[in-house]
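In what follows, a single structure is set out as structure tokens and then discussed.
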Amino acid sequence: MIKESQGDRILKAVMYVILTVFAVYCVTPFLSVISSSLTSEGSILRDGYSIIPRAFTLDAYKLIFKDATIYRAYGVTVFVTIVGTALAMLVTCALAYPLSIRALKYRNGINFYVYFTMLFHGGLVANYLLISKYLGMRDSIWVLIIPALVSPWNMFLMRNFFKSVDESLAESAKIDGANDLYIFFKIVLPISLPALATVGLFYAMGFWNKWFEAMLFISDEHKFPLQYLIMRIMNNAEFANQLSSQISLPNYVVPTLTTRLATTVVTIGPIIFIYPFLQKYFVKGLMVGAVKG
Amino acid sequence: MKESALIQAPAATAATEKKRGTFRTEIRRNGLLYLLTLPGILLIFVFSYLPMGGIVVAFQNFNAIKGITGSEFVGFKNFSFFVESREVLHVIFNTLYLNALFILCGTLASVGIAVMFSELGGKWFKRIVQSLVTLPNFLSWTVIAMFVTALLSSDNGMLNKWLEAFGIAPIAYFNEPHMWPWILVLIKVWQGAGFGSIVYLATITGINPDIYESASIDGASRWEKIRFITLPLLKPTIILMILLAMGGIFYGDFGMIYALVGRNVMLYPTTDVIDTYVYRALMDLGDMGMAAAVGVFQSVIGFILVVTVNQLARRFSPDSALF
């Protein structure tokens, strides 16, 4: 056992401090938004946002949950996330698995076909024209799903995972008379569960956080996803006014700020709850993918 | 015995067939595998390759009613913005400057976190810290924009309240363009540095522990081990990540800039990037030709950069080059 010197211990302490400070820096905005959403509007206007709620109240939450807007937006986002992730995983794995097999003759050609899209883009204008003018997907909820079904980055991550699957497994199944579809669905996919969880998480986050496409292509308010709803209510005070239009109390302060914050908290809620369970998975998964990459 | 002979026989003919290797035999043998790739290939064709054809809009006097096939061809007229407008040059400069700052500060922060993380013990400390620093990566920029308003708003933002407590006059952050490159850097580091550190952490974890042990026996201090073992072994990964990031240096982070700055004209001088500029040209001015021309310029330069950078990456670390 080698004893730590004075210098080593100081260095170690400094590193603990720096990491702690950075972690606090990362978490402070969360705390500030969550606590402010639980504060009364008047208190925020008077004393500003804070880390500990000064005048605790659930008014903002009561208000947003009374209205159908948030439920609708939640519905859109949940639908897009679940259906999108399921379809994306299916298409991505179906493309990634064959590309992981060395015996596939045109493997390199297809690889390059996918890879080239990471290098060169048609640009915003061409995409906009294609989707709105030629595919007629304006105001359809599918515009949030279909164009995002294959992410080359995720595809290659998945392919690298499949590459690490022992090829003799598939070969012996083949000798037993199994065809490639059977091998893919019944043998390869079940043993790739950690990888599926990692890539699935990335897709799910991508779908959950989608708003740019909504801003470009969706003008029907009933089809706004959560993230775009936030964008909208951040930029105008209409939302809160509309929510509290029936309330006519004396001295009533329209909770413009707190309803915004409450909507934000409701949006990030599921991420914060699910995240700790998945975190270990994706850190490991990403490390394997990165080392192999 | 007999069985294995039977298995070997078709394998042998397969080998000779492979030499002749026609398209047909390949399809007959691996048809199902190609079938699996089909949906992905089609989707990529429609949503990635078709738009590449849309680049012709940049060379047209585009008319929405006549469409791509009917609009008049005008050559390089749409590209005249390069000589006529200082705005575009300014926007290109902003894109490069902001991205350079992001790459530099982001890499420093990520490497720093990874190194410190690998040095420290404490299972719970590490778990909690890693959760906290990677979490912001999973938020959308619209949510982050909401966070930023809570912190920076001039009347009741938390930062100004803190300044007030120390007797410092509040700052109207949203009217101070010169502060924004650094504000954006701080936000970018907040959002991405923790997640970015995972790649470096993976490399450090892969270092043979014997090296550290023999250094300890030779009396190396913690700092010397970081300085002379960890950092040199991290260098290829760092260079590779920087090169890869440089490939995208012509692409501004639209989601970030648009959500954070939005239509605050005050901040355009330092925050307007190519992507937000193209977006406005498309949505506000409806100038398809010009928007497409800027986009094509960006794609072409971006492409050249990526290819060049990949050649460089290949030289530094042949296994990790992308193609």
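Just so you know, the protein sequences line up as chains G and H, in that order.
For the first sequence, the numbering used here gives the first residue as 1126, with consecutive numbering after it.
For the second sequence, the numbering used here gives the first residue as 33, with consecutive numbering after it.
Even glycine gets a Cβ: it sits at the ideal position worked out from N, Cα and C.
>> Quick check on DSSP: helix, strand or coil for Glu-1292(G)?
In response: Taking the first residue of the first sequence as 1, we reach residue 1292(G) at position 167. Glu-1292(G): helix per DSSP, three-state reduction.
> Can you find a CB in chain G that lies within less than 8 Å of the CB of Gln-343(H)?
Replying inline: Stepping through the second sequence from its first residue, residue 343(H) is reached at position 311. Not an interface residue.
>> Does the contact criterion of 3 or more C-beta pairs under 8 Å hold for the region 225 to 242 of chain H versus the region 138 to 157 of chain H?
In response: yes
>> If you reduce the DSSP assignment to three classes, tell me which class Glu-104(H) lands in.
In response: Within the second sequence, the letter at position 72 stands for residue 104(H). Reduced to three states, the DSSP call for Glu-104(H) is strand.
> Could you give the distance in angstroms between the alpha-carbon of Pro-1315(G) and the alpha-carbon of Ile-1308(G)?
Replying inline: Stepping through the first sequence from its first residue, residue 1315(G) is reached at position 190. Stepping through the first sequence from its first residue, residue 1308(G) is reached at position 183. Cα to Cα, the separation comes out at about 10 Å.
>> Quick test of your reading: Gly-1167(G) and Val-1378(G), contact by CB under 8 Å. State the CB separation rounded to the nearest angstrom.
In response: The residue you call residue 1167(G) lines up with position 42 of the first sequence. The residue you call residue 1378(G) lines up with position 253 of the first sequence. About 5 Å separates the two Cβ atoms, so the contact holds.
> Counting along the chain, where does the alpha helix (DSSP H) carrying Val-7(H) start and finish?
Replying inline: With chain H running from 33 to 355 in the structure shown, residue 7(H) is simply not present.
> Listed from N- to C-terminal order along the chain, which residues in the region 1243 to 1256 of chain G have their beta-carbon within a distance smaller than 7 Å of any beta-carbon of chain H?
Replying inline: Leu-1244, Phe-1245, His-1246, Gly-1247, Gly-1248, Leu-1249, Val-1250, Ala-1251, Asn-1252, Tyr-1253, Leu-1254, Leu-1255
> Which residues in the same chain as Met-298(H) place their Cβ atom closer than 6 Å to its Cβ, once the five residues preceding and following it in sequence are excluded?
Replying inline: Position 266 of the second sequence holds residue 298(H). Once the five neighbours on either side are set aside, the close Cβ partners of Met-298(H) are Asn-207.
> Got a sec: which bits of the region 71 to 86 of chain H sit with their beta carbon under 9 Å from any beta carbon on chain A, in order along the chain?
Replying inline: Looking for chain A here will not work: the only protein chains present are G and H.
>> Taking the straight line between their C-alpha atoms, what separation do you get for Phe-1407(G) and Asn-93(H)?
In response: As a first step, residue 1407(G) must be located in the first sequence, where it is residue number 282. As a first step, residue 93(H) must be located in the second sequence, where it is residue number 61. Rounded to the nearest angstrom, the two C-alpha atoms are 48 Å apart.
>> Check whether the region 303 to 319 of chain H and the region 236 to 253 of chain H touch, using three or more Cβ-Cβ pairs below 8 Å as the test.
In response: no
> In chain H, which residues lie with their C-beta within 7 Å of the C-beta of Leu-1306(G)?
Replying inline: Locating residue 1306(G) in the first sequence gives position 181, where the first residue counts as 1. Those within 7 Å of Leu-1306(G) in chain H are Leu-64.
> Along chain H, which residues have their Cβ under 8 Å away from the Cβ of Met-1330(G)?
Replying inline: What you label residue 1330(G) is simply residue 205 of the first sequence in a count that begins at 1. Within 8 Å Cβ-Cβ: Phe-170.
> Thinking C-alpha only, which one of Pro-1223(G), Ser-1162(G), Gly-1247(G) is nearest Phe-329(H)?
Replying inline: Translated into the one-based positions of the second sequence, residue 329(H) becomes position 297. The residue with the shortest Cα to Cα distance from Phe-329(H) is Gly-1247(G).
> Looking only at C-alpha atoms, which of Phe-1287(G), Val-1268(G), Phe-1286(G) sits nearest to Phe-1349(G)?
Replying inline: Mapped onto the first sequence, residue 1349(G) falls at position 224. For the residues Phe-1287(G), Val-1268(G), Phe-1286(G), the minimum Cα distance to Phe-1349(G) belongs to Val-1268(G).
>> If we define contact as Cβ-Cβ less than 8 Å, is Gly-287(H) a contact residue for chain G?
In response: As a position in the second sequence, residue 287(H) is number 255, starting the count at 1. Yes, contact with chain G.
> Quick one, are the C-beta atoms of Met-1262(G) and Ala-1221(G) less than 8 Å apart?
Replying inline: Residue mapping note: residue 1262(G) aligns to position 137 of the first sequence, counting from 1. Residue mapping note: residue 1221(G) aligns to position 96 of the first sequence, counting from 1. Their beta carbons are not under 8 Å apart, which means Met-1262(G) does not touch Ala-1221(G) by this criterion.
> To which residues of the same chain is Asn-1233(G) closer than 6 Å at the C-beta, ignoring the five residues directly before and after it?
Replying inline: Residue numbering aside, residue 1233(G) sits at position 108 when the first sequence is read from its first letter. Within the same chain, Asn-1233(G) has no close Cβ partners at all.
> Which bits of chain G does Trp-222(H) rub up against, with CB to CB less than 7 Å?
Replying inline: Position 190 of the second sequence holds residue 222(H). Per Cβ cutoff of 7 Å: Tyr-1150, Cys-1151.
> Buried or exposed: where does Met-33(H) fall if 16 or more other Cβ atoms within 10 Å of its Cβ makes it buried?
Replying inline: As a working note, residue 33(H) is residue 1 in the second sequence. Only weak support is given to the placement of Met-33(H): the predicted model assigns it a pLDDT of 36, under 50, and the question is left unresolved by the model.
> Hey, how far is the Cα of Gly-1132(G) from the Cα of Val-161(H)?
Replying inline: In the first sequence, counting from the first residue as 1, residue 1132(G) sits at position 7. In the second sequence, counting from the first residue as 1, residue 161(H) sits at position 129. For Gly-1132(G) and Val-161(H), the distance between alpha carbons rounds to 24 Å.
> Would Pro-1272(G) pass as a contact of Thr-1242(G) if the rule is Cβ separation under 8 Å?
Replying inline: Along the first sequence, one-based indexing puts residue 1272(G) at 147. Along the first sequence, one-based indexing puts residue 1242(G) at 117. No.
> For Ala-1180(G), which of Glu-1346(G), Ser-1161(G), Leu-1188(G), His-1347(G) has the nearest alpha-carbon?
Replying inline: Within the first sequence, residue 1180(G) is the residue found at index 55, counting from 1. If we check each option's Cα against that of Ala-1180(G), Ser-1161(G) comes out closest.
>> Residues in the same chain with beta-carbon distance under 6 Å from Phe-359(H), minus the five sequence neighbours each way, listed in chain order, please.
In response: Past the boundaries of the shown model lies residue 359(H); chain H is included only from 33 to 355, so the question cannot be answered.
>> Considering only the alpha carbon of each residue, which of Ala-1228(G), Thr-1217(G), Thr-1145(G), Thr-1392(G) lies closest to Leu-68(H)?
In response: As a first step, residue 68(H) is located in the second sequence; it is residue number 36 there, counting from the start. Cα-wise, what sits closest to Leu-68(H) is Thr-1217(G).
>> Mapping the DSSP letters down to three states, classify Phe-1349(G) as helix, strand or coil.
In response: Looking up residue 1349(G) in the first sequence gives position 224. Looking at Phe-1349(G) - three-state DSSP - the assignment turns out to be coil, as it is neither helix nor strand.
>> Using the three-state DSSP reduction, which class does Asn-93(H) fall into: helix, strand or coil?
In response: Position 61 of the second sequence, counted from the first residue, corresponds to residue 93(H). Strand.
>> According to DSSP, Phe-1245(G) sits in a beta bridge with which residue or residues?
In response: Numbered from 1 along the first sequence, position 120 holds the residue referred to as residue 1245(G). Paired residue(s): none; Phe-1245(G) is not in a bridge.
> Using the beta-carbon of each residue, which ones in chain G are nearer than 9 Å to Lys-193(H)?
Replying inline: Working through the second sequence from its first residue, we reach residue 193(H) at position 161. The answer, in chain order, is Asp-1172, Gly-1173, Tyr-1174, Ser-1175.
>> What does the Cβ neighbour count give for Lys-1405(G), buried or exposed, with the cut at 16 atoms within 10 Å?
In response: By one-based count along the first sequence, residue 1405(G) stands at place 280. Lys-1405(G) comes out exposed.
>> Between Tyr-311(H) and chain G, is any beta-carbon pair separated by less than 8 Å?
In response: Within the second sequence, the letter at position 279 stands for residue 311(H). At least one chain G Cβ lies under 8 Å of Tyr-311(H).
> Which chain G residues are close to Met-148(H), counting only those with a beta carbon under 8 Å from its beta carbon?
Replying inline: Translated into the one-based positions of the second sequence, residue 148(H) becomes position 116. Within chain G, the residues near Met-148(H) are Met-1140, Ile-1143, Leu-1144.
> Nearest chain G C-beta to Leu-167(H) closer than 8 Å, yes or no?
Replying inline: Position 135 of the second sequence, counted from the start, is the residue given in the question as residue 167(H). Leu-167(H) counts as touching chain G.
> Do three or more CB pairs link the region 169 to 176 of chain H to the region 1329 to 1338 of chain G at distances below 8 Å?
Replying inline: yes
> Using the beta-carbon count (16 or more within 10 Å), is Gly-199(H) buried or exposed?
Replying inline: Numbered from 1 along the second sequence, position 167 holds the residue referred to as residue 199(H). Gly-199(H) should be labelled exposed.
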